[in-house]
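Residue numbers (this note's numbering): 26 to 1290.
Ideal Cβ placement from N, Cα and C applies to all residues, glycine included.
Note that the coordinates shown come from a computational prediction; the quantities given were computed from them, not determined experimentally.
Scroll down for the structure; my scribbles are underneath it.
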């Protein structure tokens, strides 16, 4: 300020304000602040320029002449400034005009720092020579040198002869930082829209060169930039080596390194050791606010300075950045060439950790209209995030030239946000990819590894690895158009473990084959060649199918006939389900991956009938449908088609289905061949028109049988509801299985069958199973517990309620033992009486006395048990009783009753069916009873010191056999007989078991038939023939004492009557067995049997005592009446006449009492006769002891006297009879001895007299009786 007449307080203003005051007061319009030079040769050594303010060319403005040699060595330029608030025509700090000379510019070891300009280069403004130019810039540092346009240099050489223009740039370090940009914009203020357009145009770059040969080596660039770093246009030769761009930030999207070649010249491009990493877009600071107060300074008088403060203007830094952030296509490195003589060689390129959100053309973009050679080697592209296309984007208008080569490169963990081909995107390029590793890249759209738009003949991938890449479509490789990966273009390479979010994990390419998918399961296929056409054919190993409930083996695909495939429902195990949830054709690539880009495809479906072992011919097919692609599932839905094939066709014929798919307007087809057969008609279907039709349940039709030719009709008397394949039964009805249309009424007790949709056991009430729910669940088959059957009403009770049955079992056991003992004692007494009379009297008279004095206890018990058993047959008429009659069975058939009482224990003790186990148990119980009786009596006789009577053994066996004959025969017959229920054959004795099974036949052959043979034939006939042969010896005491139980009560002419009674039981058993369900017929036949027996008994009079004959007939008649009444009760229950049924129940009960009454009365009389004297004597002694003179004592004494008098009279009469018979007997013996020699006539006369004597004696006996 010493040259001007005013002063400034430097403590009041900073340097920028001082500069502003100077610029406003003194209008500075200087240029060439260091020198304005015009020379043919100029050199500047060790020069330094700082803090210069100028209009333009603030350091040098040089006009060259001649050779135009310019040298700058050890040059330092710092803090140069222009008025950045003004838009003026400016130049860089060094301006060179060489249009009229040659140019040979050399700059070595220079520093440029804090040099600002607005719309012109900050450092170099060079007008090159039109003849020859050589520029060499080496060892330069450029720090915070900022301009909105071409900050460093813009050299536009003439295209006349490019070989004459050479630029060499070596060892350059360039950096710009955010704080300097903020300071810069503080000086410029808000830039205009026109400046923004100029700034973001195509002619802006930090270093821009055109029409020359360029060598760039060892370049390091860092910081924040507003334009491309290097832009090269029509460079004939380019060599870039050791180029580093580290932590670059940009205000908007542009390419850092651009190369554009649009001249048809021979070009050579070499890149090596190019490192670009940590690149990212600049993040705008919303909070950054800058003030730019404008102060006007002026001179008022001499040395007087006044200022007027304007209103401050506020600028936001982010507003400036947002103006620049216009979208345009960009990449990090961009190479475009139109020449067909271009050689591009890229080697050792590192692109790492770059966040290129504006890279809409990928990181490395090569656009080639024509080219000769492209070689990329040792490229590493790691951890980059790219907007689109990926690491390398190669585009070419045609693919006629030789292969481009990418070798020994690595693409790892890159992410294309909207990308296709994260590692490489190539279009119309012949490409060789050799020894490359493409790993863990992700594209948000297509081609996680490679995106290739080329034919398969233009591609070669060799010794490369493409794994763990990911994309929406084509996780590994995505190929457009007709490109394919095959063994010819994919050699020794690895393409696996890639993942696609949508489809084709590894590869998207032109489809190579079709694939059949059934229920999300891809079916195996094999490749066939027929008539020079390659196709795929379904390959099915023999597999298990269920047809009509039967497992079968099929080698054909089974489809429904005459029904839409996807609507076909398969009925199995009571459930109906769709077996073709998916039945589709998909398009696949060579890697057997599904391809979903099938919108342009359609498939034709045709079929024909073929013969087994017939050679395939792709002709004579009948087209039935044309399918369009299902966009939702990306396949062709075959489930909408119905096929026509007779399911009952011969086994040597099958259905051949041909699927042919192609693109629109294309003649290339993909074929798929299926060999199929159709299912036979199942439940809910009927056979018609060589196919299976569904029975419509809404119209009352159904089918629950296989191979039906018509539907069944709804029966409202049995059914509550139906579907096409199932029946809901009413209560009281039963059917055996899902496949039976035979429904039957549960006649024994309709409440056993609860109805519903179920079948078999599931129709039964709790505890019931088997046919018509008549059996009990002894083995917990239904999971409801174990149950046993009440034999009277067939109701099932839980095994936890067996306490009462155990008590009944104990009482039945006691009754069995008591009845045996009573019978044996009675037999023993009779034998003793018979023996005594036999020894003292002739047989004829001994029989008379034996009949009079025989013990009748055993006879009464035998007859009673026989008719109680006959009476019990009415309980098989399915009658309902309010009172229990179980005691009848308990008394008449003790061993069988005890065996049934043990059901709960037997079912868990053995795996043998209860039907057989009960018989074994019954025989075991009989054996135990026999052992107890024989051992017990033997011990008793030893105790009383008597000799053991061996007849006890035989009589015990006979009693056990006769009394249990009916039960044994009935059980054995129940094994042999069958019962037909709902057209199924069950074993009569157990309706849970099927008649005729292998196990059943084994029990028949090895158990039932031998058992019946022994107990039903051998033993009865043996006994009969024994008595027949020895009928004249039955009076012999040695024989009689062993078998007298069979004939004690019968006369001599009726010794066989016990066999008649056993035969009667057998006939009754057969009737009950074979006519169990026909109650009326069974009752009629039983009544007929009893009637026939009564006729025989009335004629034969088999018993020795007439009162027994009378009792036998009366008891039989009572049983006949009971059967008739029970039949009436059965009919009344069917007619729901409850009042009549109750009355008839009372009648049956009275008949039962009437049947038992005479036996109980006679047995009571027998015991009274035996023990009355002893009992009255005992009572008399007690009364006499208490009060000898009481009336009761006198009454009892009188009774005893009368009984003794009567007994003495009987004994006297019996003695007289006995003496009379002895006298007659002795006289006959004496008479026989004295007349041995008399003639025959005398013998006849004697015989007449003998008969007369017998008649007299018999009359006497009858009178006595």
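Asked, Found
"Would you mind stating whether residue 66 and residue 99 have Cβ atoms separated by less than 7 Å?", "no"
"Could you spell out where the alpha helix (DSSP H) holding residue 1052 opens and where it closes?", "1044-1054"
"Taking its Cβ as the centre, do 16 or more other Cβ atoms sit within 10 Å of residue 1025, making it buried, or is it exposed?", "buried"
"Can you tell me whether residue 1171 is buried or exposed? The criterion is at least 16 other CB atoms within 10 Å of its CB, across all chains shown.", "exposed"
"Would you be able to state if there are at least three C-beta pairs under 8 Å between the stretch 645-657 and the stretch 706-721?", "no"
"Give me whichever residues DSSP pairs with residue 106 in a beta bridge.", "78"
"Look at the alpha carbon of residue 415 and the alpha carbon of residue 386, and state the distance between them as a whole number of angstroms.", "8 Å"
"Suppose contacts are defined by Cβ-Cβ distances below 7 Å. Is residue 728 in contact with residue 709 by that definition?", "yes"
"Please classify residue 251: does DSSP put it in a helix, a strand, or coil?", "coil"
"Count the other CB atoms within 10 Å of the CB of residue 251; is the residue buried (16 or more) or exposed (fewer)?", "buried"
"Suppose only complete runs of 3+ residues qualify. What are the beta strand (DSSP E) ranges in the stretch 80-159, listed by chain order?", "85-106, 119-122, 128-140 and 149-152"
"Tell me which same chain residues have a C-beta within less than 7 Å of the C-beta of residue 584, skipping the five on either side of it?", "590, 668, 701 and 703"
"Does DSSP put residue 225 in a helix, in a strand, or in coil?", "coil"
"Among 358, 809, 1016 and 697, which one has its Cα closest to the Cα of residue 554?", "697"
"Pair every Cβ in the stretch 977-988 with every Cβ in the stretch 1061-1071, then say whether three or more of these pairs are closer than 8 Å.", "yes"
"Quick check on residue 757: does DSSP put it in helix, strand or coil?", "coil"
"Go to residue 1155, then tell me how far its beta strand (DSSP E) extends in each direction, as first and last residue.", "First-last for residue 1155: 1131-1159, but that is the alpha helix (DSSP H), not the beta strand (DSSP E)."
"With a cut-off of 8 Å, do at least 3 Cβ pairs link the stretch 671-683 to the stretch 590-610?", "no"
"What do you get for residue 256, buried or exposed, if any count of 16 or more other CB atoms within 10 angstroms of its CB means buried?", "buried"
"If you run the structure through DSSP and keep just helix, strand and coil, what is residue 928?", "helix"
"Are the Cβ atoms of residue 627 and residue 653 separated by less than 7 Å?", "yes"
"Just verifying my parser: in three-state terms, what is the DSSP assignment at residue 917?", "helix"
"Please state whether the Cβ-Cβ distance between residue 166 and residue 136 is less than 7 Å.", "yes"
"Quick one: which unbroken beta strand (DSSP E) runs of 3-plus residues sit fully inside the stretch 577-657? Chain order, please.", "582-584, 594-597, 600-603, 608-613, 626-636 and 647-653"
"Does residue 934 pass the burial test, meaning 16 or more other C-beta atoms within 10 Å, or should it be called exposed?", "exposed"
"My output table needs one value for residue 1014: the three-state DSSP class, helix, strand or coil.", "coil"
"Taking Cβ to Cβ, would you say residue 794 is nearer than 7 Å to residue 787?", "no"
"Does the stretch 512-527 touch the stretch 540-554, meaning 3 or more C-beta pairs lie closer than 8 Å?", "no"
"Use the C-beta contact count for residue 1046: other C-beta atoms within 10 angstroms, 16 or more gives buried, fewer gives exposed.", "exposed"
"Do residue 174 and residue 144 have their CB atoms nearer than 7 Å?", "yes"
"So if DSSP puts residue 662 in a beta bridge, which residue, or which two residues, is it bridged to?", "609"
"Closer than 6 Å by C-beta to residue 993: which residues in its own chain qualify, once you throw out the five before and the five after it? Chain order, please.", "1040"
"Starting from the C-beta of residue 1279, find all residues in its chain whose C-beta is less than 6 Å away, skip the five residues before and the five after it, and write them out in chain order.", "Residue placement at residue 1279 cannot be trusted, given a pLDDT of 45 that sits under 50; what the coordinates show is reported in the next sentence. Closer than 6 Å at Cβ, skipping near neighbours: no residue."
"Please check the pair residue 948 and residue 931, which I expect to be a contact at CB under 8 Å, by giving their CB distance rounded to whole angstroms.", "13 Å between Cβ atoms; not a contact."
"Does the Cβ of residue 1133 have 16 or more other Cβ atoms within 10 Å, making it buried, or fewer, making it exposed?", "buried"
"Check whether the Cβ atoms of residue 608 and residue 543 lie closer than 7 Å to each other.", "yes"
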